[in-house]
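Undergrad: To start, I am sharing the structure in question, which I have written as structure tokens.
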Amino acid sequence: AQTVTQSQPEMSVQEAETVTLSCTYDTSESDYYLFWYKQPPSRQMILVIRQEAYKQQNATENRFSVNFQKAAKSFSLKISDSQLGDAAMYFCAYRRRDDKIIFGKGTRLHILP
Amino acid sequence: NAGVTQTPKFQVLKTGQSMTLQCAQDMNHNSMYWYRQDPGMGLRLIYYSASEGTTDKGEVPNGYNVSRLNKREFSLRLESAAPSQTSVYFCASSEVPSDTQYFGPGTRLTVL
Numbered sequence: 052a053q054t055v056t057q058s059q060p061e062m063s064v065q066e067a068e069t070v071t072l073s074c075t076y077d078t079s080e081s082d083y084y085l086f087w088y089k090q091p092p093s094r095q096m097i098l099v100i101r102q103e104a105y106k107q108q109n110a111t112e113n114r115f116s117v118n119f120q121k122a123a124k125s126f127s128l129k130i131s132d133s134q135l136g137d138a139a140m141y142f143c144a145y146r147r148r149d150d151k152i153i154f155g156k157g158t159r160l161h162i163l164p
Numbered sequence: 016n017a018g019v020t021q022t023p024k025f026q027v028l029k030t031g032q033s034m035t036l037q038c039a040q041d042m043n044h045n046s047m048y049w050y051r052q053d054p055g056m057g058l059r060l061i062y063y064s065a066s067e068g069t070t071d072k073g074e075v076p077n078g079y080n081v082s083r084l085n086k087r088e089f090s091l092r093l094e095s096a097a098p099s100q101t102s103v104y105f106c107a108s109s110e111v112p113s114d115t116q117y118f119g120p121g122t123r124l125t126v127l
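Below, the structure is given as structure tokens:
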């Protein structure tokens, strides 16, 4: 069964610094999609970035980028120039071939001013 | 353009009561989802509808039923609420299952 593991329940980073959130997943599928979602205190879930497994190039969205290592089944999120508004829970998610989405348990990110 | 809307925002039920959580999207999306979020557990998929006319069980379907009323609406029903169903419930939609999911604001449900 597919699982998604986020090994860091909480992390802190100084404002303007860079932080990396880790995510590993377990699957026997070769074609799938991976996502990072952000949930600020407002509780609204917002997509941060999306990666298609067949694409070797790492996805990037402004200050957010991923390090996708397919062989290692690793999908980490790097946030550059951290801002106070980045404080949130971050969830890694995997979309299976049968369209079910599996979420990790989340990493709470604190931004220190 | 409201995106994904959910009603109600808050609800308190007594054990054994029934209720329906409503979800609607105005983005003409094909796929819709119901999740529950519990502390320390992340989001867990309850049911989903990949397209109008189809529904499938997710990771934690027991105690719930769903109805894909039309392309816009996807409701979640608790027939006999139990304290273990106390949670925050999120509805989401996407153009297709591989696409970005857009989430509603959530419903906080407490079962006493």
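Protein chains in written order, with our numbering: chain A, 52 to 164; chain B, 16 to 127.
C-beta atoms are modelled at their ideal positions from N, C-alpha and C, and glycine is treated no differently.
#1: So, does the segment 83 to 93 of chain A touch the segment 20 to 37 of chain B, judging by three or more C-beta pairs under 8 Å?
#2: Could you check whether the segment 115 to 122 of chain A touches the segment 38 to 56 of chain B, counting it as contact only if at least three pairs of C-beta atoms, one from each stretch, sit closer than 8 Å?
#3: Please name the residue, chosen from B/T70, B/R83, B/L60 and B/S66, that lies closest to B/E110 on a Cα-to-Cα basis.
#4: Check each candidate in B/Q21, B/R87, B/S102 and B/G119 and name the one with the smallest Cα separation from B/S64.
#5: For B/V75, collect the residues of the same chain with a Cβ closer than 8 Å to its Cβ; drop the 5 residues on either side in sequence, then sort them by chain order.
#6: Can a CB atom of chain B be found closer than 8 Å to the CB of A/L160?
#7: Going along the segment 120 to 131 of chain A in order, which residues come within less than 9 Å of chain B, judged by CB to CB distance?
#8: With DSSP as the reference, label B/G57 as helix, strand or coil.
#9: Looking at C-alpha atoms only, which residue of B/S102, B/T70 and B/P98 is the closest neighbour of B/N85?
#10: Provide the residue(s) that pair with A/V175 in DSSP beta bridges, ordered along the chain.
#11: Considering only DSSP beta bridges, list what B/N80 is partnered with.
#12: From this set, B/V19, B/F89, B/Q26 and B/A17, which residue's C-alpha is nearest B/V103's C-alpha?
#13: Taking the alpha-carbon of A/T111 as reference, which of A/Y141, A/A122, A/I130 and A/M96 has the nearest alpha-carbon?
#14: Looking at the structure shown, is B/N127 part of a helix, part of a strand, or coil, going by DSSP?
#15: With a 10 Å radius around its C-beta and 16 neighbouring C-beta atoms as the bar for buried, classify B/Q100 as buried or exposed.
#16: So the beta strand (DSSP E) A/N118 belongs to, where does it begin and stop?
TA: In brief:
#1: no
#2: no
#3: Start at 1 with the first residue of the second sequence, and residue 110 of chain B comes out as number 95. The shortest C-alpha separation from B/E110 is found at B/S66.
#4: Here residue 64 of chain B refers to the residue found at position 49 of the second sequence. Looking from the CA of B/S64, the closest CA among B/Q21, B/R87, B/S102 and B/G119 belongs to B/R87.
#5: Taking the second sequence and counting its residues from 1, one reaches residue 75 of chain B at position 60. Correct list, in chain order: R51, R59, L60 and I61.
#6: Working through the first sequence from its first residue, we reach residue 160 of chain A at position 109. No, A/L160 lies away from the interface with chain B (no Cβ there is under 8 Å from its Cβ).
#7: none
#8: As a working note, residue 57 of chain B is residue 42 in the second sequence. For B/G57, the secondary structure class from DSSP, reduced to helix, strand or coil, is strand.
#9: Looking up residue 85 of chain B in the second sequence gives position 70. B/N85 has its Cα closest to that of B/T70, out of B/S102, B/T70 and B/P98.
#10: Outside the displayed range of chain A (52 to 164) lies residue 175 of chain A, so it cannot be described from this structure.
#11: For this step, residue 80 of chain B is matched to residue 65 along the second sequence. Bridge partners of B/N80: B/R92.
#12: Position 88 of the second sequence holds residue 103 of chain B. Of the candidates B/V19, B/F89, B/Q26 and B/A17, the one whose C-alpha sits nearest the C-alpha of B/V103 is B/Q26.
#13: By 1-based counting over the first sequence, the position of residue 111 of chain A is 60. Ranking A/Y141, A/A122, A/I130 and A/M96 by Cα distance to A/T111 puts A/I130 first.
#14: One-based indexing of the second sequence puts residue 127 of chain B at position 112. Note on identity: in this sequence residue 127 of chain B is Leu, with Asn being the wrong assignment. Note: B/L127 maps to coil in three-state DSSP.
#15: In the second sequence, counting from the first residue as 1, residue 100 of chain B sits at position 85. B/Q100 should be labelled buried.
#16: Here the question's residue 118 of chain A lines up with position 67 in the first sequence. Counting along the chain, the beta strand (DSSP E) containing A/N118 begins and ends at F115 to Q120.
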